[in-house]
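Student: All residue numbers for the sequence shown refer to full-length UniProt numbering, where the first residue is 1 and numbers rise by one. We treat Cβ as the ideally placed atom computed from N, Cα and C, and that holds for glycine.
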Amino acid sequence: MADKLYSNRIFSFLLLWLIVTNQSWAQKEEFKDIVLLNSYHPTFKWTVDITRGVLNEFSNPSEYRVFVEYMDSKRFQNEAYLKQLSRIYLQKYSNTTIDGVIISDNNAFDFFLNYGDKIWGDVPVAFCGNNSILEYKNLDTTRFKGVKEQINIDSTINIIKSLQPELEELIVISDSTNSGEIFSNQFKKAASSHPDLNYSFLIARTPDQLKTDLKRRCSKNKAIYLLSLYIDREGFPREMLQEAPLILNNCYVPIYSNWDFLFGDFITGGLVIRGKDQGEKAAKIMKDLINGRQVPPWLSENREILAFDYKQLNKAGLNYSGLKGEAVLLNKPENPFEKYKQELLGVASVLSFMLITILALLRVINQKKIAEEQLKQSESRLEMALEGANEGLWDLDFTNYDVFLSQRFARLLKYSNPNELNIGFTNYENLFHPSDFPQMMEAYEMHKTGHSPLFHSEARMLTKTGHYIWFSIHGKIIETDENHEPVRMVGTITQIQSQKEFENKLKEAKERAEESDRLKSAFLANMSHEIRTPMNAILGFTDLIMNDMITPEEGKKYLEVIKSSGENLLNIINDIIDISKIESGQLKIKQETFDLHSLLGELQDISENLIFQGRKPIEIIVHKGSENKNFFIKTDPFRLHQILLNLLTNAIKFTKTGHIELGYIILDKGALQFFVKDTGQGIAPKHRNIIFERFRQVDETSIRKFGGTGLGLAITKSLISMMKGNIWLDSEVNKGSKFYFSLPCEFKLKEPDIPASY
């Protein structure tokens, strides 16, 4: 009765929602409508993976529209609920023409056989996740096409026997669900081919029963084969991973399974299948069906992956090297030394230096403590020793509220004598920096309450000149009253200004090293993306060209994409080679005489081509500092071409509309000033210095939006410096940027004998 009332409420709510929203579905656009009917609920890991695989294949919203439905049959499976659900779907899709239905898992398949034609009509069907598909009789295999969900139990048993040759018993865990019974029968059939295998079934019905049986059966030289684990908990089963502690806390043996979603500090491994692979394959089959392509076989094989958890293998002491086939090892740690060798060596050098410094400081502190113990023998000897050690003495009398400061104390604070300080119990706080005083008082309380044997603090103290200087302050309460309140306390101050400055320099050096490490890591990640993007395009379109069914026009289009991707990849490689040569000092500047106007003309053609490809309304304007048709200069034409092209490429990349100016002016007989100006987004003042640093862009959003390695401007600046020039910029946000650089070079009016090549 409760189920019926619950179902009626769901139906009423969805019916009201459909009345409100149904009008937006009345007109079907020019795309295919696909329904993905999942057996289980949206958070069920297997269903999540299948759905992700399907949506990955139908990612183009201009071609496909996917309606994802979840039957939630793991938790609700009575006939009244299913009938109510069919009525909801019938109303929901009454005004929508569906082109195909993808079904995941057994319950959705059975639901479609009973209600599907009435709801969606006689449409093509692709299925996945059905582990008993061969048991359906009289199935129309011309309409139903799909991928088999067949776990390879036989091969997994062979894997277990290979990993554990001394195996005494294999504990097979399943449950009483429909899927659990199917998998159990499949295991019995596969196990018949292994007469030497000693196994026993453990059907999990309740958590307590499972724990009790595991504790009773588990021992050394055993293993678990997990087929299914969905235990009824107040009417609802939980995810298998959520039930993992029931096994892990009661049986300490390797666990094998065929489901990839059980990895993550649970199973050791096995020959697994993935929901994502099932979903992608079913979606590809549906594409072939609705687009009239080559008809796929009615049942396709599922993909299997030999996978293990590296941590679980080591934990169980299992050697996987003897297995046939290449295995995927999850959670295998990389060798950090090989990966970050240079960075680690740099950090080790810094840490070694810091360690030596700390040891030296500890030695100094230790020597100072020894000296303090010796000086405690008498105040007169202490005063004399402190004079020689450049330390000031202070003595507090809490009974008489008297403060004694030594002559050295006064001189350390730039006073002639202690009386000039005019310090007493009521105003001694004024001697210390306001930010340091609370910490110093906290150290005093720690010493006063006995938590610290000595009083020690570091604080800035005010000198006669009005400046604050760092001091190390040591002291000890040498007398207390009957209430353990201090009566007398003595101590010293030591100037540590130089030490603090040195510590700050060490901290800054460490921060710079960490920033360099972060930038290099970001650069490596970005570079990996930049290289993979064109390489994926090359490989992808190469596969398309190898397809005999493409037309010559398509082949030409694909070759153009491959050529463009290859050029992008070559530019990335050239940037890496250039920055490597610059860092190693191997890059050489070659002086040649060439026509500058010819070079500017070529750059103008290249820029206009880039603008055309990007479909941007941008005009290229070239300014020539000489009115002669030809203007010959002597410098490195290739590097000048590279510098200007880098600046032009950046200008085009960050300019949506307007114009870009390229040109030069003659400064004197031995120098030219070049410029590239744009009307783009501009650069904020805080970013103007970092854009010339290696591996840096204005921010990470620029990398994601525009791509690039972050090396272009760094290479440009380095090349200009190597050519004895200088680069600077003038920019305003949303108004554009102006890059200038000067180069010393010789001018000639006569054409050279050998034209320059760039």
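(1) Quick check on the DSSP output: the beta strand (DSSP E) that includes G100 runs from which residue to which?
(2) Give me the Cβ distance between L229 and A204, rounded to the nearest whole Å; I'm assuming they're in contact under 8 angstroms.
(3) Just to confirm the assignment, what range does the alpha helix (DSSP H) spanning A204 have?
(4) Would you call D578 buried or exposed, if buried means 16 or more other Cβ atoms sit within 10 Å of its Cβ?
(5) What's the C-alpha gap between residue 763 and P552?
(6) Which whole-angstrom value is the C-beta distance of S71 and A108, which I expect to be below 8 angstroms?
(7) List the residues that DSSP assigns as beta-bridge partners of L224.
(8) Between R532, Q681, L743, K748, which has its C-alpha nearest D730's C-alpha?
(9) In chain order, what residues of the same chain have a beta carbon less than 7 angstroms from the beta carbon of Y444, not counting five sequence neighbours either side?
(10) Taking 7 angstroms as the limit between beta carbons, can you name the residues of its chain near E301, skipping five residues before and five after?
(11) Spatial neighbours of I157 within its chain, please: CB distance less than 6 angstroms, with the 5 preceding and 5 following residues excluded, ordered by chain position.
(12) My output table needs one value for Y740: the three-state DSSP class, helix, strand or coil.
(13) Nearest-angstrom Cα distance between A509 and E501?
(14) Identify which residue in G450, V48, G270 has its Cα closest to the Cα of H484.
(15) Taking the alpha-carbon of A307 as reference, which of S321, Q294, P296, S626 has the nearest alpha-carbon?
(16) Cα-Cα, which of L271, I231, A513, M546 is closest to G325?
(17) Between the beta-carbon of D309 and the beta-carbon of L330, is there less than 7 angstroms?
(18) Grouping DSSP H, G and I as helix and E and B as strand, with all else coil, what is F747?
(19) For the stretch 116-188, which segments carrying the alpha helix (DSSP H) assignment without a break, of at least 4 residues, lie completely within its bounds, in sequence order?
(20) Would you kindly check if the distance between the Cβ of G100 and the Cβ of V123 is under 7 angstroms?
(21) My assumption, with CB atoms under 8 angstroms, is that L713 sits in contact with F692. Please give the rounded CB distance.
(22) Starting from L421 and walking both ways along the beta strand (DSSP E), at which residues does that stretch end?
(23) Whole alpha helix (DSSP H) runs in the stretch 37-63 with 4 or more residues, listed along the chain?
(24) Rounded to a whole number of angstroms, what is the C-alpha to C-alpha distance between S219 and E135?
(25) With a Cβ-Cβ cutoff of 7 angstroms, do F638 and L596 count as a contact?
(26) Excluding the 5 residues flanking V622 on each side, which residues of the same chain have their C-beta closer than 7 angstroms to its C-beta?
(27) Where does T586 land, buried or exposed, given buried means 16+ other C-beta within 10 angstroms?
(28) According to DSSP, is S598 part of a helix, a strand, or is it coil?
(29) By the 10 Å Cβ neighbour count, where 16 or more other Cβ atoms means buried, how is L743 classified, buried or exposed?
(30) Considering only the beta carbon of each residue, do D678 and S737 sit closer than 7 angstroms?
(31) From the DSSP output, which residues share a beta bridge with H659?
(32) Straight-line CA distance for Y401 to T480?
(33) Which residues does DSSP pair with G450 in a beta bridge?
(34) Which of the three DSSP states, helix, strand or coil, is assigned to R363?
(35) What is the rounded straight-line gap between the Cα of R143 and the Cα of L299?
(36) Can you tell me the Cα-Cα spacing of I469 and G346, whole angstroms?
Tutor: In this structure, then:
(1) Locating residue 100 in the sequence shown gives position 100, where the first residue counts as 1. It spans 100-104 - the beta strand (DSSP E) in which G100 sits, taken as one unbroken run.
(2) Reading the sequence shown from its first residue, position 229 is the one you call residue 229. Reading the sequence shown from its first residue, position 204 is the one you call residue 204. Confirmed, Cβ separation roughly 6 angstroms.
(3) Numbered from its first residue, the sequence shown carries residue 204 at position 204. Run containing A204: none in the alpha helix (DSSP H); it sits in the beta strand (DSSP E), 199-204.
(4) Residue numbering aside, residue 578 sits at position 578 when the sequence shown is read from its first letter. Looking at its Cβ environment, which holds 16 or more other Cβ atoms inside 10 Å, D578 is buried.
(5) The chain is shown only over 1 to 758; residue 763 falls outside these bounds and no answer can be derived.
(6) In the sequence shown, residue 71 corresponds to position 71, counting from 1. In the sequence shown, residue 108 corresponds to position 108, counting from 1. Residue identity differs from the one stated: residue 71 is Met in this sequence, not Ser. 6 angstroms between Cβ atoms; contact.
(7) By 1-based counting over the sequence shown, the position of residue 224 is 224. First, the amino acid is wrong: residue 224 is Ile here, not Leu. For I224, which the question treats as bridged, DSSP gives the partners I171, I255.
(8) Position 730 of the sequence shown, counted from the first residue, corresponds to residue 730. Taking only the C-alpha atoms, the option nearest D730 is Q681.
(9) Within the sequence shown, residue 444 is the residue found at index 444, counting from 1. Here the set comprises F455.
(10) Residue 301 sits at position 301 when you count from the first residue of the sequence shown. Once the five neighbours on either side are set aside, the close Cβ partners of E301 are K148.
(11) As a position in the sequence shown, residue 157 is number 157, starting the count at 1. Result list for I157: H194, in chain order.
(12) Reading the sequence shown from its first residue, position 740 is the one you call residue 740. Here Y740 sits in strand by DSSP.
(13) Walking along the sequence shown from the start, residue 509 turns up at place 509. Walking along the sequence shown from the start, residue 501 turns up at place 501. If you take the alpha carbons of A509 and E501, they lie about 12 angstroms apart.
(14) The residue you call residue 484 lines up with position 484 of the sequence shown. That would be G450, whose Cα lies nearest to the Cα of H484.
(15) Taking the first residue of the sequence shown as 1, we reach residue 307 at position 307. The residue with the shortest Cα to Cα distance from A307 is S321.
(16) Counted from its first residue, the sequence shown places residue 325 at position 325. Nearest option by C-alpha distance: L271.
(17) Within the sequence shown, numbered from 1, the residue matching residue 309 stands at position 309. Within the sequence shown, numbered from 1, the residue matching residue 330 stands at position 330. Yes; because the gap between Cβ atoms is below 7 angstroms, this pair is in contact.
(18) Your numbering for residue 747 matches position 747 in the sequence shown. Three-state DSSP puts F747 in a strand.
(19) 117-120, 153-163
(20) In the sequence shown, counting from the first residue as 1, residue 123 sits at position 123. In the sequence shown, counting from the first residue as 1, residue 100 sits at position 100. Yes, they are a contact pair.
(21) In the sequence shown, residue 713 corresponds to position 713, counting from 1. In the sequence shown, residue 692 corresponds to position 692, counting from 1. The pair is a contact, with the Cβ atoms about 5 angstroms apart (cut-off 8 angstroms).
(22) Here residue 421 is taken as the residue at index 421 of the sequence shown, counted from 1. Element bounds for L421: n/a, residue is neither H nor E.
(23) 45-57
(24) Stepping through the sequence shown from its first residue, residue 219 is reached at position 219. Stepping through the sequence shown from its first residue, residue 135 is reached at position 135. When rounded, the distance between both Cα atoms is 38 angstroms.
(25) Here residue 638 is taken as the residue at index 638 of the sequence shown, counted from 1. Here residue 596 is taken as the residue at index 596 of the sequence shown, counted from 1. Cβ distance not < 7 angstroms, so F638 and L596 don't count as in contact.
(26) For this step, residue 622 is matched to residue 622 along the sequence shown. Hits under 7 angstroms: L600, Q604, L662, G663.
(27) By 1-based counting over the sequence shown, the position of residue 586 is 586. Thr is not the amino acid found at residue 586; the sequence shown has Gln there. Exposed, because fewer than 16 other Cβ atoms sit within 10 Å of the Cβ of Q586.
(28) Locating residue 598 in the sequence shown gives position 598, counting from the first residue. Helix, per DSSP.
(29) Residue 743 sits at position 743 when you count from the first residue of the sequence shown. L743 comes out buried.
(30) In the sequence shown, residue 678 corresponds to position 678, counting from 1. In the sequence shown, residue 737 corresponds to position 737, counting from 1. Closer than 7 angstroms, so yes.
(31) The sequence position of residue 659 within the sequence shown is 659, counting from 1. DSSP lists E619 as partners of H659.
(32) Translated into positions along the sequence shown, residue 401 becomes position 401. Translated into positions along the sequence shown, residue 480 becomes position 480. Each residue's alpha carbon lies about 14 angstroms from the other.
(33) Residue 450 sits at position 450 when you count from the first residue of the sequence shown. According to DSSP, G450 bridges with nothing at all.
(34) Against the sequence shown, residue 363 aligns to sequence position 363. The answer is helix: DSSP assigns R363 an H, G or I state.
(35) Translated into positions along the sequence shown, residue 143 becomes position 143. Translated into positions along the sequence shown, residue 299 becomes position 299. Looking at the two C-alpha atoms, the distance is approximately 11 angstroms.
(36) As a position in the sequence shown, residue 469 is number 469, starting the count at 1. As a position in the sequence shown, residue 346 is number 346, starting the count at 1. So the two alpha carbons sit approximately 33 angstroms from each other.
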